[in-house]
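Chemist: Numbering (this note's numbering), first residue to last: 1 to 272. All C-beta atoms, glycine included, are put in the ideal place defined by N, C-alpha and C. Note that this is a predicted model, so its numbers are computed, not measured. If you scroll down you'll find the structure; I have some questions about it.
Next comes the structure, spelled out in structure tokens:
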């Protein structure tokens with residue numbers, strides 16, 4: 001990558017693409033919101049409530065024996081990566097702390113104002129909600145009620161537990177599969193192999209989407225492939241990748257988290 005660090009992954013630009021791998025539709029038509037919604041401070045303010053919900057869910061689900069409660073795999077991967085390097089003092093809070101620290105550091109290094117533009121944050125919530133709607137239609141067409149039932153069965157301890165788990169999946173799956181993986185692919189292909197930016201963006205979306213599909217259970221208990229579910233995860237991975245490249249980490253993480261919450265609530269209405 002020609003720009004290093006977390007700031008390179010979601011920084012707005014006025015051209016159609018930038019060196020971080022983010023494709024831009026151009027900010028000239030979208031006005032200040034397009035720029036502000038990709039600033040680290042607004043992203044942090046947008047995501048802090050979601051981080052808090054997930055951390056609260058972990059605290060409520062803490063096991064008396066000190067064991068690790070049910071979490072999403074992306075969160076567990078990040079936690080285990082810290083453990084490999086001997087960083088275990090804060091336990092399951094480490095991934096959330098990492099996300100907050102990275103955004104705060106990015107804001108500090110950007111030398112931008114620390115004044116939050118609350119109107120932008122509100123519009124980011126609205127945009128994220130709107131971006132959930134195509135995914136719900138896509139899921140209904142491909143898998144019917146399968147998505148709802150899968151999420152409902154993932155953590156049967158209570159509605160808030162399932163909501164918190166869904167929020168965490170949105171945050172940390174986007175951190176792993178979009179922010180980190182797309183950056184890695186871009187760095188290897190552009191800096192390491194000298195590939196063009198356009199080709200690299202396409203390949204990064206493909207790699208991220210395929211990895212996202214295989215990360216999820218797409219087989220029956222007998223080992224057979226569920227093609228509708230596999231296609232849904234592949235397509236939703238591509239959708240999240242495009243949203244990330246166009247709109248940055250904040251909007252895509254909120255969109256993913258809100259989608260998972262919507263699925264949990266749909267599952268609750270079906271089972272109730």
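(1) Going along the chain, which residues of its own chain have a beta-carbon closer than 7 Å to the beta-carbon of residue 195, five neighbours each way excluded?
(2) How would you call residue 137, buried or exposed, if buried means at least 16 neighbouring beta carbons within 10 angstroms?
(3) Is it right to say residue 273 is buried, meaning 16 or more other beta carbons lie within 10 angstroms of its own, or is it exposed?
(4) Between residue 56 and the rest of its own chain, which residues show a CB-CB distance below 7 Å, the 5 nearest in sequence each way excluded?
(5) With a cut-off of 8 Å on the beta carbons, I'd call residue 120 and residue 36 a contact; round off their distance for me.
(6) Helix, strand or coil: how does DSSP classify residue 159 here?
(7) List the endpoints of the continuous alpha helix (DSSP H) containing residue 119.
(8) Identify the residues that DSSP records as bridge partners of residue 225: which are they?
(9) Check the Cβ-Cβ distances between residue 38 and every residue of chain B, and say whether any is below 8 Å.
(10) Please classify residue 118: is it buried, with 16 or more other beta-carbons within 10 angstroms of its beta-carbon, or exposed?
(11) Kindly indicate which three-state DSSP category residue 193 falls into: helix, strand or coil?
(12) Can you look up residue 268 in the DSSP assignment and give me helix, strand or coil?
(13) According to DSSP, is residue 39 helix, strand or coil?
Modeler: This is what the structure holds:
(1) To locate residue 195, count along the chain shown from 1; it is residue 195. Counting only Cβ-Cβ distances below 7 Å, and skipping sequence neighbours, we find 189.
(2) One-based indexing of the chain shown puts residue 137 at position 137. Within a 10 Å sphere around the beta-carbon of residue 137 sit fewer than 16 other beta-carbons, which makes this residue exposed.
(3) In this structure the chain extends from 1 to 272, so residue 273 is not present and cannot be described.
(4) The sequence position of residue 56 within the chain shown is 56, counting from 1. 164.
(5) Numbered from its first residue, the chain shown carries residue 120 at position 120. Numbered from its first residue, the chain shown carries residue 36 at position 36. Indeed, because the Cβ distance is near 4 Å, the residues count as touching under 8 Å.
(6) Position 159 of the chain shown, counted from the start, is the residue given in the question as residue 159. In the structure shown, residue 159 falls within a helical segment according to DSSP collapsed to helix, strand and coil.
(7) What you label residue 119 is simply residue 119 of the chain shown in a count that begins at 1. That run of the alpha helix (DSSP H) goes 118–143.
(8) What you label residue 225 is simply residue 225 of the chain shown in a count that begins at 1. In DSSP, residue 225 forms a bridge with 219.
(9) Given the protein chain composition of this structure (a single chain), no chain B is represented.
(10) As a position in the chain shown, residue 118 is number 118, starting the count at 1. Exposed, because fewer than 16 other Cβ atoms sit within 10 Å of the Cβ of residue 118.
(11) Sequence index remark: in the chain shown, residue 193 carries index 193 (1-based). Three-state result, residue 193: coil.
(12) Your numbering for residue 268 matches position 268 in the chain shown. Helix.
(13) The residue given as residue 39 occupies position 39 in the chain shown. Judged by DSSP in its simplified three-state form, residue 39 adopts coil rather than helix or strand.
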